[in-house]
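Q:
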Amino acid sequence: MKKIAIASIAALGLSVAACDSPQENAMEDQAETMEDNRDAMVNDMEASGEITDEQADAMDDQTDAMEEQMEETADDMDTP
Numbered sequence: 001m002k003k004i005a006i007a008s009i010a011a012l013g014l015s016v017a018a019c020d021s022p023q024e025n026a027m028e029d030q031a032e033t034m035e036d037n038r039d040a041m042v043n044d045m046e047a048s049g050e051i052t053d054e055q056a057d058a059m060d061d062q063t064d065a066m067e068e069q070m071e072e073t074a075d076d077m078d079t080p
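The sequence shown begins at 1 in our numbering and counts up one residue at a time.
(1) State the DSSP-derived secondary structure class of D36, mapped to helix, strand or coil.
(2) Just tell me which of Q23, E28 and S21 has its CA closest to the CA of E67.
(3) Measure the beta-carbon distance from T24 to M77 and round it to whole angstroms, keeping in mind my assumption that it falls under 8 Å.
(4) Would you tell me roughly how many angstroms separate the C-alpha atoms of E50 and Q69, rounded to the nearest one?
(5) Taking the C-alpha atoms as reference points, what is the distance between A47 and T63?
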C-alpha cells in the first residue's frame, strides 16, 4: 500500500514538475531524500528488532506527514 502511495506521489510530482521553479524542485527532492533515508532507517530498526511493527508503522506515518509538509512548503513558494 505504501509503495502505491509513493508511486502516486511520484507520478503527481512528474505531472506538475514543468510548473515548478528550480528552488521548489530542489526542496521537493530534499523531501523525497529525507523520506527515503528515514524509511531505510525504520526498516533496518524493525528488521534488527529495535522497534516493533507498530512502532515502525507510526514512524512511517510521521515520515509521510513530514514529507507532505515539506512539499506543501515548497509548493507555497511559487504561490503569489
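Glycine is no exception: its CB is placed at the ideal position from the N, C-alpha and C atoms.
A: To lay it out plainly:
(1) Taking the first residue of the sequence shown as 1, we reach residue 36 at position 36. Note: D36 maps to helix in three-state DSSP.
(2) As a working mapping, residue 67 is identified with position 67 in the sequence shown. When only C-alpha atoms are compared, the closest one is E28.
(3) In the sequence shown, residue 24 corresponds to position 24, counting from 1. In the sequence shown, residue 77 corresponds to position 77, counting from 1. One point to set straight first is that residue 24 is Glu, not Thr, in the sequence displayed. Between M77 and E24 the Cβ distance is about 5 Å, and since that is below 8 Å, they are a contact.
(4) Counting from one through the sequence shown, the residue named residue 50 turns up at place 50. Counting from one through the sequence shown, the residue named residue 69 turns up at place 69. Going by the C-alpha atoms only, they are around 27 Å apart.
(5) By one-based count along the sequence shown, residue 47 stands at place 47. By one-based count along the sequence shown, residue 63 stands at place 63. Approximately 18 Å between the Cα atoms of the pair.
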